[in-house]
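Participant:
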Amino acid sequence: MIRFFTNFCDHAQQILNSNEISGFDGIVYNRREFRSPFHQSLDLCLSDPEKVQIIVESYESHLQGCLSIEERVVVEKWILQNVSLLGSLSFFAVWEEHPSLELQKILETYPKQIQAFLHPIHDFQKAQLEESAKDASKIFHIVIITTGGGGGHKNHAEGIAQILQKFPHRYRVTVIDVAPILKKSDAIYLMTGRLNSEEVYDQVFQQHKEIELAHRLWALNRELRRFIPDCTLRDLKKVIRPLHADLIISTCHFLPRDLEVGASLGVPIRFAHCDYELSWALMPLIYTANSQLVKLWLPDSDPELLTSISSQLKTELMNGLEFEHNPIEIDLRFGSRISQAIEYPGYATRSSYKREYDPVEIQKIRKRLYIKPDQVVIPIQMGRQGVANIFAIVKILNESISIDYGCNIILPIFCGKNTLLRKQLTNYLVKSTRHPQIQFRVLSEVSQELSADYMKVSRAEVIKPGGATTAEAGKMGLFALIIVDSSHNWEGCNKNWLVRRNLGIHVENMESLPKILQAVVKTKASRAVEVIDAETEIPKLVDKAVTQSRIFQVSRLTSEITQLDHHEYFSSKLLQFIEAFPFEEYRVYSIPEEGSFYLDSIGDWIKDRLRQGENCELQIKALLQKYCKPGSHVIDVGAHIGIHSMRMARFVGPEGKVSSFEPQPKTVRELIMNRRRNGHTNMQIFPVALGNANGSVELSPLLEGNEGGTSIGKGGSGYFAPLRTLDSFQFSDVSLMKVDVELMEDAFLEGAKNTIIRNKPVILIEIMAGHDHAVATGEIRQRIDNTIHFLEQLGYVVERIHDCDYIAIPQVIKSKL
């Protein structure tokens, strides 16, 4: 195999110089035409030719022509680094918040052209989101993406799936191996019919340690994209989209491809790392995406896992080197960005790998495995990347005749699918003189149950520290004799984790292995170790993620605000605040005839009643139903969490429209979430305060105990909301206005005067909240009377409904009643 692929690489240039090439199955691939070097580079970054084409065409049509050559370099580099998130809120947040000085200048100079460039990409994204939309369901669908290109990746995926499958009433789990999808458009496979790029990693890079050849093959795979488009991302999305996933968990190699799947489908994604390190490969994901869309799952909270990457980072900075994958050129906020992006669920070992404490059960296992009471078990588990070491280990131990181990040792050798290795070992052991105290058991592919049984009765094990093997040793408290390959840097991280936990010793050279084994056999190693309980933590973190995904899918929400609302009033900070909705602090309450609402536990007059399952303000509801004209425009000023806005949305019907004004950020966020949950697309939300002038106003902090009773007041919250007059919106066909502005009635009415005169709507208005006219002071009564008089001057008949609630009906309507 190695000779075949070496010859293939040697003749690659001849293939690449052709205008057409033939695959192993006779299919002919013509040389592809790229519009520009940027198009070709983008095609290499994103394995979705359709999306690449849309991006390139939009760039050339709307943005490229206005940029200088230097500006094109800056923008094209930025697009290439962030292409997996183009069209989502995550991308916009990075675009606005973390530009270089050159990009900042471009953003300020060409805002309209940049918006025009992004618009077609946004529409493409929106179409994909609509295809992946799902109906509400009590069972969350978890999709786990994995690969056969590394045993730990697949084992970790199986472990996560087994944990979640214990809760069938909560989760439905689908595990997707990308290998078959990858083969459909992998150039190396389509040309040779043998290995795809993932299998090159497994067999050439790991097993045969032909590092240079593996990199040649990967480079050739990219070059062959001139003929064979990589459609892996497109095809993977086609598989996942009809599943209507609530959460995607990836145990793959952390490619932007997987991040694009989550961003395109509006589904949160969690990258579950399979080794005890923080890989460089994860850095682009940390910096490109926001922490609501993507989080990194590390197997342990050991600070050393972060220290190694931090020290590498400092070295890069000190040497003045450019971190080629980092879209922000490495900023100094690295630590805080990491802490936001990382969660620690533990490592999901497969269900059979549990430490056995029961001596009776241990005895049963030993009997089942034909292990005598005086025999010590030391398995040899080197994984696929360690097969080249196994023969040397067996030979050294077998020939260590001078070593007295003090007992009889059974050494099970796990050969997996490697039948050639098993044959070589068997032939060697048959022909060689055996160490009298050692019995080798050469095992082919065994079940995880049998492998776990051997570990349950073992004193220690000889391992190549892959991620799964390391996690299983930690879970079972099994001491490890560790053999590390310097070409695989992740092995060093796994080895260091075991050593720090007193679960292993590094075998620095093979010759020392017999004496180390002798010491381990004679001294019973400690088997007590504390690790994160993945069976507890993973469901917690999944619950947190899927609660968010049910209605709050980042790109979809951005699309909704863009499509339904006057998004110019939504600052980037407000969008980020909405995006960070703390679902763990809310519960959904269903109210008969009203809908369902996200409610937290904070005191509030309306929320308190909804939490008790009560309909509230039924008198107001009856009047809304009476006076909201179907198909007309109605306005809710002081919309709060949307109880009246949603009533009005139902009463005016799909041909009507509701304009909901609510300036407080927290309440706006709740209003948006409740609108989405109930599907009222005829509601427009304005995060705007209404008064008698245009400008901005610092809001008061929310009123403790009754958030809905907060007035604009005298500021103090530090948040400035847009301030507008209602007249500035030039609304027409308004049949009703509901006004609840907490003591700001006069200022609002002054700024709404022309709208009222022009439309003559029925007005439901709260005047001087908390003050009953019958018992109020003279000053308060005068203010109430002034407000009523203002409305009467505009041709209204004003009547008190209850307490401080009034209805103002135009005289022309009143005379007909």
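Position one of the sequence shown corresponds to residue 6 (the numbering used here), numbered consecutively onward. Idealized CB from N, CA, C, for every residue including glycine. Bear in mind the structure is a predicted one, so any value in this text is a computation, not a measurement.
Determine the burial state of T686: buried for a count of at least 16 other Cβ atoms within 10 Å of its Cβ, exposed for fewer.
Facilitator: exposed
Participant: Do you know offhand how far K527's Cα is from A465's?
Facilitator: 11 Å
Participant: Excluding the 5 residues preceding and the 5 following R373 in the sequence, name in chain order all residues of the same chain whose CB lies nearer than 6 Å to its CB.
Facilitator: none
Participant: Short check: CB of D182 to CB of T152, under 9 Å?
Facilitator: Judged by their CB atoms, D182 and T152 are nearer to each other than the 9 Å cut-off.
Participant: Give the range of the alpha helix (DSSP H) segment to which Q624 is assigned.
Facilitator: In the DSSP assignment, Q624 falls within the alpha helix (DSSP H) that extends over 623-632.
Participant: Would you mind working out which of Y352, P417, N403, N394 sits nearest I376, comparing C-alpha positions?
Facilitator: Of the listed residues, the one whose Cα sits closest to I376 is P417.
Participant: Where does the unbroken beta strand (DSSP E) through P417 begin, and where does it stop?
Facilitator: Its beta strand (DSSP E) spans residues 413-419.
Participant: For I449, I'd like the list of residues in its chain whose CB is within less than 8 Å of its CB, leaving aside the five on either flank, ordered along the chain.
Facilitator: Rather than Ile, the amino acid found at residue 449 in this sequence is Ser. Excluding sequence neighbours, S449 sits near C420, G421, K422, T424, R427.
Participant: Roughly how many angstroms lie between the CA atoms of P125 and Y64, to the nearest whole one?
Facilitator: 10 Å
Participant: Report the partner residues of D182 according to the DSSP bridge assignment.
Facilitator: T151
Participant: Which term fits F9, buried or exposed, when burial requires 16 or more other beta carbons within 10 angstroms of its beta carbon?
Facilitator: With fewer than 16 other Cβ atoms from the protein chains shown falling within 10 Å of its own Cβ, F9 counts as exposed.
Participant: Starting from the N-terminal side, write out each stretch of the alpha helix (DSSP H) that is 4 residues or longer and does not extend beyond the stretch 717-766.
Facilitator: 750-764
Participant: Is it a yes or a no for the stretch 489-509 touching the stretch 274-281, going by three-plus beta-carbon pairs under 8 Å?
Facilitator: By the criterion of at least three beta-carbon pairs nearer than 8 Å, the stretch 489-509 is in contact with the stretch 274-281.
Participant: Taking the C-alpha atoms as reference points, what is the distance between D790 and L728?
Facilitator: 26 Å
Participant: DSSP state of Y410, grouped into three classes?
Facilitator: Coil at Y410, not helix or strand.
Participant: Using the Cα positions of G70 and Y115, report the straight-line distance between them to the nearest angstrom.
Facilitator: 11 Å
Participant: With a threshold of 7 Å on Cβ separation, who are the neighbours of T475 within its own chain once the five nearest residues in sequence on each side are excluded?
Facilitator: Y281, N499, W502, L503
Participant: By the three-class DSSP mapping on this structure, what secondary structure does M688 have?
Facilitator: strand
Participant: Leaving out five residues before and five after L21 in sequence, what residues of the same chain have Cβ atoms less than 6 Å from its Cβ?
Facilitator: E228
Participant: Tell me, to the nearest whole angstrom, how far the beta carbon of I150 is from that of S255; I am working on the premise that it is less than 8 Å.
Facilitator: With 8 Å as the limit, I150 and S255 qualify as a contact, their Cβ atoms being about 4 Å apart.
Participant: Given this structure, state the Cα-to-Cα distance separating G411 from I443, to the nearest angstrom.
Facilitator: 11 Å
Participant: When the Cα atoms are used, what is the spatial distance from C621 to W83?
Facilitator: 51 Å
Participant: Would V767 count as contacting chain C if we go by Cβ distances under 9 Å?
Facilitator: In the structure shown, chain C cannot be found, because there is only a single protein chain.
Participant: For the putative contact between V823 and M742, defined by C-beta atoms under 8 Å, what is the C-beta separation to the nearest angstrom?
Facilitator: Limits of the chain in this structure are 6 at one end and 822 at the other, which puts residue 823 out of reach.
Participant: Let me confirm a value: C436 is counted as buried when at least 16 other C-beta atoms fall within 10 Å, else exposed. Which label applies?
Facilitator: A small fix is needed here, since residue 436 is Lys in this sequence, not Cys. K436 is exposed by the Cβ-count criterion.
Participant: Per DSSP, which residues does I443 bridge with? Please list them.
Facilitator: I414
Participant: Alpha carbon to alpha carbon, how far is I408 from V209? Give it in angstroms, no decimals.
Facilitator: Within the model, the alpha-carbon separation for V209 versus I408 is close to 36 Å.
Participant: Look at the alpha carbon of S66 and the alpha carbon of R805, and state the distance between them as a whole number of angstroms.
Facilitator: 60 Å
Participant: In this structure, how does DSSP classify E168 when only helix, strand and coil are distinguished?
Facilitator: Residue identity differs from the one stated: residue 168 is Ile in this sequence, not Glu. In the structure shown, I168 sits in a helix (DSSP, three-state: H, G or I).
Participant: Can you find the residues in the same chain that come closer than 6 Å, C-beta to C-beta, to Q170, ignoring five residues on each side of it along the sequence?
Facilitator: Result list for Q170: V178, in chain order.
Participant: From which residue to which residue does the alpha helix (DSSP H) around K214 run?
Facilitator: Here K214 belongs to no alpha helix (DSSP H), and DSSP marks it neither H nor E.
Participant: Hey, could you find the ends of the alpha helix (DSSP H) Y811 is sitting in?
Facilitator: Here Y811 belongs to no alpha helix (DSSP H); instead the beta strand (DSSP E) covers 810-815.
Participant: Do the stretch 52-59 and the stretch 232-249 make contact, defined as three or more Cβ pairs closer than 8 Å?
Facilitator: Taking 8 Å as the limit for Cβ pairs, the verdict is that the stretch 232-249 does touch the stretch 52-59.
Participant: Pair every Cβ in the stretch 765-779 with every Cβ in the stretch 667-686, then say whether three or more of these pairs are closer than 8 Å.
Facilitator: no
Participant: Which whole-angstrom value describes the C-beta separation of V489 and R371, a residue pair presumed to lie in contact below a C-beta threshold of 8 Å?
Facilitator: V489 to R371, Cβ: 31 Å. No contact.
Participant: Which term fits Y811, buried or exposed, when burial requires 16 or more other beta carbons within 10 angstroms of its beta carbon?
Facilitator: buried
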